[in-house]
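Only one structure is covered here, and it is reproduced in the block below.
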Amino acid sequence: MQGLKKDLLLTGAFLSALCLAPWVLPSGYYLTVLIMCCLNAMTVVGLNLLLGYAGQISLGHAAFYGLAAYTTAILTTTLGLPVALGMLAGVGLAALVAFVIGIPTLKLSGNYLAMATLGFGVIVYIFLNETVGLTGGPSGFTGIPRLNAAGLTLSSDRSYYYLTAAVLCAVVLLSLNLIRSRLGRALRALHTSEKAAQAVGIDIARYKLFIFVLSAAFAGAAGVLYAHYLTFIAPSSFGFLFSVELLVMVVLGGMASVWGSVTGAFFLTALPEFLRMFENVEIIIYGAILILCMMFLPRGLAGGVSSLAVRLRGRARPGEDDHAS
Amino acid sequence: MDSASLLQFLISGLTVGSTYGLTALGFTIIFNTTGIINFAQGEFVMLGGMLSVFFMRIAGLDEASAIVLAVAAVTLAGALIERFTIRPVKDASIINLIIITIGVSIFIRGLAMLAWGKDTFALPPFSGDAPIALFGAVVMPQSIWVLAISLLILSGLKAFFSGTIYGKGMLACAQDKKAAYLVGISVERMVLLSFMISGLVGAVGGAILAPITLTSFDVGVILGLKGFAACILGGLGNPFGAAAGGLILGVLESFGAGLLSSAYKDAFAFIILLLLLFVRPSGLFGTREAKRV
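From first to last, the protein sequence lines are chains A and B.
Taking our numbering, the leading residue of the first sequence gets 120, the next gets one more, and so forth.
Taking our numbering, the leading residue of the second sequence gets 939, the next gets one more, and so forth.
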């Protein structure tokens, strides 16, 4: 189990780095950014399992994120149920909805699948906006309680951050493990050729559905954590553009790379914070960075790092002057 | 529901639908030569409307020349996008190229916001706003302009694709890129041309729609979404399907808004689209699966 050991070590190192981060960062505001990074990373890792490994696109993952957030918000705030129960129900509903819409939708492929998931996202978005009595409509849902379980309330941002970091690492570990399993091999087989995979006896419909539901559950986990962290949610956070952003994070991070997804999510979530100083031209620079990254890092940030390492090693050889930057 | 209201819904649906159709045509043209879903297509439409307003107000041009200039500018923008962001990396995978077009759309939206702010603008109707009565329904003159110009663009494109050497070259690229190379077609030039034509068609759509729905820096997102939906509805890669898909989507929305509720009109249109996809996985007029993305 060489691979598992390496994964455990890497994840452990990553978790320690995350836990140390608050001690180094200048202000508490960065904790909020880090929490958002962790939440997006969970969703993006799941989406990459679907897109990068199984080869199935989804432009509707913001909807699972939003459905889970609203479910726990309504259950805990309007109905006064315990937070832990609300969170479980939120993740469960996201997974259940994914299961129900996945059965007909995953028969589609390519751009048609993109459209169907996109359409699903738009429909959910409209319902979140229009069912004002239930969701509060466009102005949002307020007064969601902070997470409390077993008499313990995670009131400080720092403790909440540790929780999200731990959940992210669990998601990463689970995903890494999954990829190396029989199921992971099946997914890659069906990505390469559905017909060939089917011919060797892989039940492609079942595997696709499983990974779709799993990625929706990851998005749901991020969604419920988001709701109980901000204590306020509005439909505008779960729209079409967020789904697109998640997809961009997957590809920019590196397709079929769990650590790439984490990198992509952290990079693109934190980027706007660093661009704040440019005020009006912030969006233009964001767009330009995206274009340049995609043009010059065809295999994403993860691929860029590994090819940089190769080039650096090449430069160490005598007589070769290779500019690795 | 009397027949006059039904006619009214039909007319407004066809009007909005034809601009969806134009956006969808833009998607189709680029998709056919490159396999890319161009996420900046909606931005072409936005630029068509916004630049027309800008040339009229700031440069003081009359409406017709302002629109012509705006369309020319967007055509040029299409060429620049292809030349600087797509051609240098043309061998990259399709999904990477799609993400590049997402970057381009964000970039253009940012530029538009910087230049014109977040306000909404209106372009005056081309020939007044005195409504015309038709079998009890009311038709705005702008609707007739929209339908007529869309039809003109459609027949122009048809003539271009079937009657000119460039048009035929582009069709050859759509059929098989390698074979097109082999018979001496410059595929690069066809891709450049497809971005220019997409820019042109999108900008025309934006300019003729602006008097009806107003325009602002962010209208491209929703129009792009509708255009893509129209493409898929009609069957991706089929220009006729794209135009028809646009009209159908527009009419569905209009009837959804009129008969059910205006808040749920988009949901209604998308639910129908999803149901249709479950029955016909490659759209209404699609022939084969598009194995891309």
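A virtual CB, placed ideally from N, CA and C, is assigned to each residue, including glycine.
Residue i - containing alpha helix (DSSP H), residue span
i	result
Ile1070(B)	Looking at the DSSP string, Ile1070(B) is not in any alpha helix (DSSP H); the run it does join, the beta strand (DSSP E), is 1070 to 1072.
Val1233(B)	In this structure chain B extends from 939 to 1231, so residue 1233(B) is not present and cannot be described.
Gly1143(B)	1125 to 1151
Ser228(A)	Premise fails: Ser228(A) is in no alpha helix (DSSP H) and is neither H nor E.
Ala1008(B)	1001 to 1019
Ala161(A)	Strictly speaking, residue 161(A) in this sequence is Met, with Ala absent from that position. 148 to 167 is the extent of the alpha helix (DSSP H) around Met161(A).
Gln175(A)	First-last for Gln175(A): undefined, no H or E at that position.
Test item: CB-CB of residue i and residue j under 8 Å
i	j	result
Leu309(A)	Ala173(A)	yes
Gly1041(B)	Gly406(A)	yes
Val243(A)	Ala188(A)	no
Met988(B)	Ala1050(B)	yes
Thr162(A)	Cys288(A)	no
Gly185(A)	Thr195(A)	no
Leu237(A)	Gly179(A)	yes
Ile1005(B)	Phe1166(B)	no
Leu1163(B)	Leu963(B)	no
Ile1044(B)	Leu128(A)	no
Gly1188(B)	Gly955(B)	yes
Thr191(A)	Ala346(A)	yes
Ala335(A)	Ala213(A)	yes
Gly1184(B)	Glu981(B)	no
Ile404(A)	Leu1052(B)	no
Ser1081(B)	Ile1186(B)	no
Val983(B)	Gly1144(B)	yes
Member of the options whose CA lies at the smallest distance from the CA of residue i
i	options	result
Ser275(A)	Gly147(A), Ile404(A), Ile410(A), Lys124(A)	Gly147(A)
Val164(A)	Val377(A), Ser362(A), Ile242(A)	Val377(A)
Phe393(A)	Leu170(A), Val370(A), Val152(A), Val332(A)	Val152(A)
Asn482(A)	Gly383(A), Thr130(A), Thr195(A)	The structure shown does not extend to residue 482(A), since chain A is modelled only from 120 through 444, so no value can be given for it.
Arg307(A)	Gln175(A), Gly122(A), Thr162(A)	Gln175(A)
Ala1011(B)	Phe992(B), Leu1211(B), Gly951(B)	Phe992(B)
Leu292(A)	Ser362(A), Leu328(A), Ala217(A), Phe337(A)	Phe337(A)
Asn1034(B)	Pro391(A), Leu371(A), Ser380(A), Ile408(A)	Leu371(A)
Gln946(B)	Gly980(B), Ala1201(B), Leu1214(B), Ser1192(B)	Ser1192(B)
Arg1021(B)	Leu952(B), Leu1130(B), Pro1063(B), Thr971(B)	Leu1130(B)
Phe329(A)	Leu232(A), Val363(A), Leu215(A)	Leu215(A)
Glu401(A)	Gly1048(B), Val1077(B), Ile1146(B), Thr1153(B)	Gly1048(B)
Tyr281(A)	Leu431(A), Phe133(A), Arg430(A)	Phe133(A)
Val367(A)	Arg418(A), Phe331(A), Phe351(A)	Arg418(A)
Ala341(A)	Thr261(A), Ala160(A), Cys138(A), Ala140(A)	Ala160(A)
Residue span of the beta strand (DSSP E) that contains residue i, given as start and end
i	result
Ala1075(B)	1075 to 1077
For residue i, three-class secondary structure by DSSP
i	result
Gly1094(B)	helix
Asn976(B)	coil
Gly1194(B)	helix
Asn296(A)	helix
Phe1059(B)	strand
Gly352(A)	The question names Gly, but residue 352(A) is Ile in the sequence shown. Three-state DSSP puts Ile352(A) in a strand.
Asn970(B)	helix
Phe260(A)	strand
Lys125(A)	helix
Phe1064(B)	strand
Asn267(A)	strand
Asn248(A)	helix
Ala1030(B)	coil
Met368(A)	helix
Ser426(A)	helix
Ala443(A)	Confidence at Ala443(A) is low in this model, with a pLDDT of 38, below 50, so the placement of that residue is unreliable and no value is reported for it.
Val1121(B)	coil
Val202(A)	helix
Phe1223(B)	coil
Ser941(B)	helix
Arg418(A)	coil
Buried versus exposed, by CB contacts within 10 Å (16 or more), residue i
i	result
Phe1208(B)	buried
Gly1172(B)	buried
Gly318(A)	Position check: residue 318(A) holds Ala in this sequence, whereas Gly was assumed. Under this definition Ala318(A) is an exposed residue.
Tyr958(B)	buried
Pro354(A)	buried
Val369(A)	buried
Asn399(A)	exposed
Met234(A)	buried
Met994(B)	buried
Phe1099(B)	buried
Met65(A)	No answer is possible for residue 65(A): the residues shown for chain A start at 120 and end at 444.
Ile996(B)	exposed
Ala942(B)	exposed
Thr953(B)	buried
Per-residue contacts from residue i into chain E (C-beta, under 7 Å)
i	result
Ala235(A)	Of the protein chains in the structure, A and B, none is chain E.
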